[in-house]
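>
4 protein chains.
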Amino acid sequence: MSRNRRPIRSGMGRSTPERIFVQGLDLARDIIGTLNFGDMAYLELTGRLPDARQSRVFNAILVTLVEHGMTPMAIVARLTYLGAPESLQSAVAAGLCGMGTTFAGTAEGAARMLESAWAATPEGSPEELARGVVADFRNRRQSVPGIGHNLHKPVDPRTGRLFQVAAEEGYSGRYVDLMRAIGQEAEAVYGKSLPVNATGAIGALCCELGISWRAARGIAVMGRAVGLVGHLVEEQAHPVAAEIWLRTEEEAGEHDTPPAGGRQGG
Amino acid sequence: MSRNRRPIRSGMGRSTPERIFVQGLDLARDIIGTLNFGDMAYLELTGRLPDARQSRVFNAILVTLVEHGMTPMAIVARLTYLGAPESLQSAVAAGLCGMGTTFAGTAEGAARMLESAWAATPEGSPEELARGVVADFRNRRQSVPGIGHNLHKPVDPRTGRLFQVAAEEGYSGRYVDLMRAIGQEAEAVYGKSLPVNATGAIGALCCELGISWRAARGIAVMGRAVGLVGHLVEEQAHPVAAEIWLRTEEEAGEHDTPPAGGRQGG
Amino acid sequence: MSRNRRPIRSGMGRSTPERIFVQGLDLARDIIGTLNFGDMAYLELTGRLPDARQSRVFNAILVTLVEHGMTPMAIVARLTYLGAPESLQSAVAAGLCGMGTTFAGTAEGAARMLESAWAATPEGSPEELARGVVADFRNRRQSVPGIGHNLHKPVDPRTGRLFQVAAEEGYSGRYVDLMRAIGQEAEAVYGKSLPVNATGAIGALCCELGISWRAARGIAVMGRAVGLVGHLVEEQAHPVAAEIWLRTEEEAGEHDTPPAGGRQGG
Amino acid sequence: MSRNRRPIRSGMGRSTPERIFVQGLDLARDIIGTLNFGDMAYLELTGRLPDARQSRVFNAILVTLVEHGMTPMAIVARLTYLGAPESLQSAVAAGLCGMGTTFAGTAEGAARMLESAWAATPEGSPEELARGVVADFRNRRQSVPGIGHNLHKPVDPRTGRLFQVAAEEGYSGRYVDLMRAIGQEAEAVYGKSLPVNATGAIGALCCELGISWRAARGIAVMGRAVGLVGHLVEEQAHPVAAEIWLRTEEEAGEHDTPPAGGRQGG
Numbered sequence: 060m061s062r063n064r065r066p067i068r069s070g071m072g073r074s075t076p077e078r079i080f081v082q083g084l085d086l087a088r089d090i091i092g093t094l095n096f097g098d099m100a101y102l103e104l105t106g107r108l109p110d111a112r113q114s115r116v117f118n119a120i121l122v123t124l125v126e127h128g129m130t131p132m133a134i135v136a137r138l139t140y141l142g143a144p145e146s147l148q149s150a151v152a153a154g155l156c157g158m159g160t161t162f163a164g165t166a167e168g169a170a171r172m173l174e175s176a177w178a179a180t181p182e183g184s185p186e187e188l189a190r191g192v193v194a195d196f197r198n199r200r201q202s203v204p205g206i207g208h209n210l211h212k213p214v215d216p217r218t219g220r221l222f223q224v225a226a227e228e229g230y231s232g233r234y235v236d237l238m239r240a241i242g243q244e245a246e247a248v249y250g251k252s253l254p255v256n257a258t259g260a261i262g263a264l265c266c267e268l269g270i271s272w273r274a275a276r277g278i279a280v281m282g283r284a285v286g287l288v289g290h291l292v293e294e295q296a297h298p299v300a301a302e303i304w305l306r307t308e309e310e311a312g313e314h315d316t317p318p319a320g321g322r323q324g325g
Numbered sequence: 060m061s062r063n064r065r066p067i068r069s070g071m072g073r074s075t076p077e078r079i080f081v082q083g084l085d086l087a088r089d090i091i092g093t094l095n096f097g098d099m100a101y102l103e104l105t106g107r108l109p110d111a112r113q114s115r116v117f118n119a120i121l122v123t124l125v126e127h128g129m130t131p132m133a134i135v136a137r138l139t140y141l142g143a144p145e146s147l148q149s150a151v152a153a154g155l156c157g158m159g160t161t162f163a164g165t166a167e168g169a170a171r172m173l174e175s176a177w178a179a180t181p182e183g184s185p186e187e188l189a190r191g192v193v194a195d196f197r198n199r200r201q202s203v204p205g206i207g208h209n210l211h212k213p214v215d216p217r218t219g220r221l222f223q224v225a226a227e228e229g230y231s232g233r234y235v236d237l238m239r240a241i242g243q244e245a246e247a248v249y250g251k252s253l254p255v256n257a258t259g260a261i262g263a264l265c266c267e268l269g270i271s272w273r274a275a276r277g278i279a280v281m282g283r284a285v286g287l288v289g290h291l292v293e294e295q296a297h298p299v300a301a302e303i304w305l306r307t308e309e310e311a312g313e314h315d316t317p318p319a320g321g322r323q324g325g
Numbered sequence: 060m061s062r063n064r065r066p067i068r069s070g071m072g073r074s075t076p077e078r079i080f081v082q083g084l085d086l087a088r089d090i091i092g093t094l095n096f097g098d099m100a101y102l103e104l105t106g107r108l109p110d111a112r113q114s115r116v117f118n119a120i121l122v123t124l125v126e127h128g129m130t131p132m133a134i135v136a137r138l139t140y141l142g143a144p145e146s147l148q149s150a151v152a153a154g155l156c157g158m159g160t161t162f163a164g165t166a167e168g169a170a171r172m173l174e175s176a177w178a179a180t181p182e183g184s185p186e187e188l189a190r191g192v193v194a195d196f197r198n199r200r201q202s203v204p205g206i207g208h209n210l211h212k213p214v215d216p217r218t219g220r221l222f223q224v225a226a227e228e229g230y231s232g233r234y235v236d237l238m239r240a241i242g243q244e245a246e247a248v249y250g251k252s253l254p255v256n257a258t259g260a261i262g263a264l265c266c267e268l269g270i271s272w273r274a275a276r277g278i279a280v281m282g283r284a285v286g287l288v289g290h291l292v293e294e295q296a297h298p299v300a301a302e303i304w305l306r307t308e309e310e311a312g313e314h315d316t317p318p319a320g321g322r323q324g325g
Numbered sequence: 060m061s062r063n064r065r066p067i068r069s070g071m072g073r074s075t076p077e078r079i080f081v082q083g084l085d086l087a088r089d090i091i092g093t094l095n096f097g098d099m100a101y102l103e104l105t106g107r108l109p110d111a112r113q114s115r116v117f118n119a120i121l122v123t124l125v126e127h128g129m130t131p132m133a134i135v136a137r138l139t140y141l142g143a144p145e146s147l148q149s150a151v152a153a154g155l156c157g158m159g160t161t162f163a164g165t166a167e168g169a170a171r172m173l174e175s176a177w178a179a180t181p182e183g184s185p186e187e188l189a190r191g192v193v194a195d196f197r198n199r200r201q202s203v204p205g206i207g208h209n210l211h212k213p214v215d216p217r218t219g220r221l222f223q224v225a226a227e228e229g230y231s232g233r234y235v236d237l238m239r240a241i242g243q244e245a246e247a248v249y250g251k252s253l254p255v256n257a258t259g260a261i262g263a264l265c266c267e268l269g270i271s272w273r274a275a276r277g278i279a280v281m282g283r284a285v286g287l288v289g290h291l292v293e294e295q296a297h298p299v300a301a302e303i304w305l306r307t308e309e310e311a312g313e314h315d316t317p318p319a320g321g322r323q324g325g
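Protein chains in written order, with my numbering: chain R, 60 to 325; chain S, 60 to 325; chain C, 60 to 325; chain P, 60 to 325.
Structure (structure tokens):
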């Protein structure tokens, strides 16, 4: 075998008969009964314990991401549980699979945008950077991540609260400033209401906490996994999946003919 | 259509342009900046806010479930991320799919066992109930859930800490008593070390908090989802998936002949 | 390290620069252009090529399993694709997760039932064995797998055709006889129409082909994966997922109050 | 509610008590015993039955995609089955989740490239179009899909056979010509061996059959799902997942210290 083997290493956790270590901490002594679930998530992501201020900001991000009502992902989890009630974990998994570019990814995109802009022009002002960022997205005919919302306008109620919490804890810095400036610049350029939305605020707060944009989608997944379990527990007590299925099947099968037009091929 | 339609209802969350409601609470006013991630998980599961004592016990359960080192689920998440780095959510989903009967389900089984035993014999003593429970499992040739551990013996370090936290918060009641009695009875009957393990302790604490065994696997899924995201963030910085794959592929392909014996069919 | 390492072996496939071997055959020379997709599936499952008779029976099984209209699994795949159109594979994966005990597993159960019955009483008659089998399931208060159907009664149209194809190819033997006898016995015992359904016929034909019941669910997964891809290609041209989602979300959010009664916890 | 409801329609399949229709055909009369599994896949994708020539080409594509040895996806399916042996379908699902941009997508990319090139310049010659295509990818610093292979060089053994089958059946037209020309142009421009690989050949053959590039990934998913079931059936008889897991866990946990350098955050 000519390939050089590389070692397999991980610092996430290991065990001895008497002790369990997680991120170098003793699980029984240092974590259980001491950390809340959000702090534990922070420890898993960063390898470090949050201080009280980081804890409050990070927990605020996480709780914002948990519940969004009857989303496609929640419906998917419920329908999957209908088919496989013995595998609640697979129902959550199926739901998470739908957390793709349509509904997620904008917190990630916002964090990346803010990180890149300050990295490229560390001496600029938020207003200068915002002009460049909005012009760039416009030239590429892409929408600016983290601004605008179908329902929540002219203001996303989560944004103000997230920024307030960050300010209270000393984490309202240049990323928050830039995110706000981008929202204002975009409103001026596009001539319509484009408030910073929750994902824009979360992207900015991740940057303030020093969390890379590469981890931002992971934070969203953590939150949504909790929310999907919540939907499945409601489904156990008040099932709706069978009704959603039957209505869909009945209507889809009402007509002899397929949808107009063909699909593929020759 | 002769089928009676049933309504589709959910109390998980809903939105107006100005406000977002989760479990009847105002997300911006009542939740963000106020609740930690574990309290939010409790709210999603139960529809109620935990008090400070419930919060500490429930968060202790959750943080125990997050990280178990390089499990099959963690390896699965990493290998899936290698193939689909654009879909971190699918890598977590793939990992969760493996949380089945081999590694999970015992917290659920322990909670169910404890719930059923007290429901059937509310006036018994823990020792009496334990004798019946252990005899039942023995007769069915099934292992008793929540006791014994391959590595952590004679004591699981998480169990003592979880029971201590529960006692400090006034949640060490008859379910904890029964779980302990079952461990002692099983050790006497089987003549070997069978300490209450972490899943037994968690099952007992879920019962103490009034959370049904049907939700216990969901709590484990919440915890593990956070842990799998942690592994993927480590994988981003310190990848091991390609090495695991290449070693396996090389060794599996070293020999011309398939494993001895056939597989299926005629 | 005291653990004995075990070797990692596989006979599924391997490559050299010039050639690719699958199940010991040369992919380019022996498989491409020669085998149809069903024969390839047979080769993957059994490690052997089917003869013409086995090929016809096995392909008949597979094509029966592909399409069942707008099932929960098909809806799940479509809703997941709505959220993550960049990951068609994850939409199929999400759909497959719902192929659990509610809708699947009966072909597996039927094959296992037939395999066990003949293994235990190789000298019996189908009628004798059927009496024992039906009595056993009745005593355990379990439903007999492979018989009865909500919609297709008094006859499942697939069953007669599958049994006909098997007879034409010389694969209508004692497993088919026993499956038929079980249907008749059950109708007599329960006093209602309980025809052998498609999963019962498929279970019997798997046994006739010498395929273990352990592989039967895998055959169903192969078929359904093809069907779910079909639904996603229809969804690309004629989308319905957004409409299913919006109707569900609108109705679920119409009311201020959650479903009557609580859910969990204290 | 002011939103206009849109109808929910599907032509995939529907049932009456006596009959089951798939794509407008009668399942029992027209499909079972008549179509092979590859023809059924073609019917699901296109809504039409293939003729004998289309059938041979399409089945050749499918069987090429089934088995690739011990890939990350196969390892994932096996490890997931280790954790959840009760849910074979979830193990296949987990495996499919890894079929992302790293290993898949090039058949799709090749088909899209060929479709676009001929659509934009229907009167050109393959050589002219190839020059433009290769220059475009080079300018965008992207690799040309469908050419080159780490192991199979200077020739991918599948390509010649796939093109031969297409030629025998009258489906070697301008898309095959263009794919070949692109391979030659790229070898000239980049000065190294860049043979048309199997995904390039498959992309070209999809175009020849009139199947849109949007469906190409779906064809790959169909094939791979069959292959993953095959790996799980081998795993049932000759398990390797536990060994892969234990070796990885042992090596990852050998050292007290995490990998050098931190991960995230402040």
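From the three backbone atoms N, C-alpha and C, an ideal C-beta is built for every residue, glycine too.
1. Taking G128 of chain C as the query, report the chain R residues whose CB atoms sit under 9 Å from its CB, ordered along the chain.
2. Indicate whether the contact test is met: 3 or more Cβ pairs, each with one atom in the segment 141-157 of chain R and one in the segment 284-299 of chain R, closer than 8 Å.
3. At 8 Å on the CB atoms, spell out the chain R contacts of S146 of chain P, in chain order.
4. Alpha carbon to alpha carbon, how far is A133 of chain P from L141 of chain P? Give it in angstroms, no decimals.
5. Under 8 Å between C-beta atoms, does C156 of chain S make it to chain P?
6. Taking only three categories from DSSP, how would you classify G277 of chain C?
7. Can you name, in chain order, every residue of its own chain whose Cβ lies under 7 Å from the Cβ of K212 of chain P, other than the five neighbours on each side?
8. Applying a beta-carbon distance threshold of less than 8 Å, which residues of chain S neighbour I67 of chain C?
9. Which stretch, first to last residue, makes up the beta strand (DSSP E) that contains G72 of chain S?
10. Could you check the C-alpha separation between S271 of chain C and C265 of chain C for me, to the nearest Å?
11. Quick one: complete alpha helix (DSSP H) runs, 4+ long, within the segment 217-300 of chain C?
12. Between the segment 90-109 of chain C and the segment 243-251 of chain C, do at least 3 Cβ pairs fall closer than 8 Å?
13. Report yes if the CB atom of V235 of chain R is closer than 8 Å to the CB atom of A247 of chain R, and no otherwise.
14. Compare the beta carbon distance of A163 of chain P and A260 of chain P with 8 Å and say whether it is the shorter of the two.
15. In the DSSP assignment, the beta strand (DSSP E) including F80 of chain P goes from what residue to what residue?
16. One question on the structure: do F96 of chain C and N95 of chain P come within less than 8 Å of each other, judged by their Cβ atoms?
17. Around the Cβ of S184 of chain R, are there at least 16 other Cβ atoms within 10 angstroms (buried) or fewer (exposed)?
18. For L188 of chain S, which of helix, strand or coil comes out of DSSP?
19. What's the C-alpha gap between E77 of chain R and E126 of chain S?
20. What are the boundary residues of the alpha helix (DSSP H) that A136 of chain C is part of?
21. Taking just the CA atoms, how far does P216 of chain S sit from W304 of chain C?
22. For the alpha helix (DSSP H) that T105 of chain S lies in, which residues bound it at each end?
23. Just confirm the distance between the C-beta atoms of L155 of chain P and A274 of chain P, as a whole number of angstroms; I'd bet it's less than 8 Å.
24. Within the 8 Å Cβ cut-off, does M71 of chain R reach chain S?
25. DSSP beta-bridge partners for D85 of chain C?
26. What is the DSSP secondary structure of I67 of chain P, counted as helix, strand or coil?
27. Using a Cβ cut-off of 8 Å, pull out every chain P residue sitting near G229 of chain C, in sequence order please.
28. Could you tell me if T218 of chain R is buried or exposed, where buried requires 16 or more neighbouring beta carbons within 10 angstroms of its beta carbon?
29. Please identify, using Cβ separations under 7 Å, the residues of the segment 129-140 of chain C that lie next to chain R, in order along the chain.
30. Taking C-alpha atoms, which residue in C:T165, C:E227, C:M238 lies nearest to W177 of chain C?
31. Run through DSSP, which three-state label would A311 of chain R get?
According to the structure data:
1. E308, A311, G312
2. Yes, the segment 141-157 of chain R touches the segment 284-299 of chain R.
3. Going along chain R in sequence order, the residues near S146 of chain P (Cβ under 8 Å) are A143, E145, S146, S149.
4. 13 Å
5. yes
6. helix
7. S252, P254
8. T307, E310, A311
9. 72-74
10. Rounded to the nearest angstrom, the two C-alpha atoms are 7 Å apart.
11. 233-249, 257-267, 275-296
12. no
13. No, they are not a contact pair.
14. Taking 8 Å as the Cβ cut-off, A163 of chain P and A260 of chain P do not qualify as a contacting pair.
15. Per DSSP, F80 of chain P belongs to the beta strand (DSSP E) from 79-81.
16. yes
17. exposed
18. helix
19. 16 Å
20. A136 of chain C -> alpha helix (DSSP H) spans 131-142.
21. The straight-line gap from Cα to Cα measures roughly 46 Å.
22. 96-105
23. L155 of chain P to A274 of chain P, Cβ: 16 Å. No contact.
24. yes
25. BP columns for D85 of chain C point to C:F80.
26. DSSP places I67 of chain P in coil when its eight states are reduced to three.
27. Those within 8 Å of G229 of chain C in chain P number zero; the least Cβ separation is about 14 Å.
28. buried
29. Contacts with chain R (Cβ-Cβ distance below 7 Å) from the segment 129-140 of chain C involve M129, P131, M132, I134, V135, L138, T139, listed in chain order.
30. C:M238
31. helix
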